[in-house]
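Let me begin by presenting the structure, written as structure tokens, before commenting on it.
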Amino acid sequence: MSRLPHVSILGWYGNENAGDEAILTVLLADLSRSIPGIKCSVFSANPEKTAETYGVSSTQKN
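Quick note: this note's numbering has the sequence shown finishing at residue 119, numbered continuously throughout.
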């Protein structure tokens, strides 16, 4: 059985910028469609909100 990749995403997320949040929405959707079951982590200025909004794990971006 092969392991699914775990992708970490770094960008300007969690700063309430509609354009960046739209990019993240599309990126996560495309990754999920291309690789079902993929695990994604997002570095964010607001990790709690990012995790809740997108259903991913999220870590504080310094």
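For every residue, glycine included, the Cβ atom is placed at its ideal position computed from N, Cα and C.
message: For residue 81, which residues in the same chain have their Cβ closer than 6 Å to its Cβ, ignoring the five residues on either side in sequence?
response: Taking the first residue of the sequence shown as 1, we reach residue 81 at position 24. In its chain, beyond the 5 residues on either side, 70 have a beta carbon closer than 6 Å to the beta carbon of residue 81.
field: Exposure of residue 104, with buried meaning 16 or more beta-carbon neighbours within 10 Å
entry: Counting from 1 along the sequence shown, the entry for residue 104 is found at position 47. Its Cβ being crowded by 16 or more others within 10 Å, residue 104 is buried.
Residue 84 to residue 59 span [Cα, whole Å]: One-based indexing of the sequence shown puts residue 84 at position 27. One-based indexing of the sequence shown puts residue 59 at position 2. Those two C-alpha atoms are separated by around 23 Å.
- request: Could you say which of 67, 74, 78, 102 lies nearest to residue 111 if we only look at CA atoms?
  value: One-based indexing of the sequence shown puts residue 111 at position 54. Of the candidates 67, 74, 78, 102, the residue whose Cα lies closest to the Cα of residue 111 is 78.
- prompt: From residue 100 to residue 90, what distance separates their C-alpha atoms?
  reply: Here residue 100 is taken as the residue at index 43 of the sequence shown, counted from 1. Here residue 90 is taken as the residue at index 33 of the sequence shown, counted from 1. Cα-Cα distance, rounded: 21 Å.
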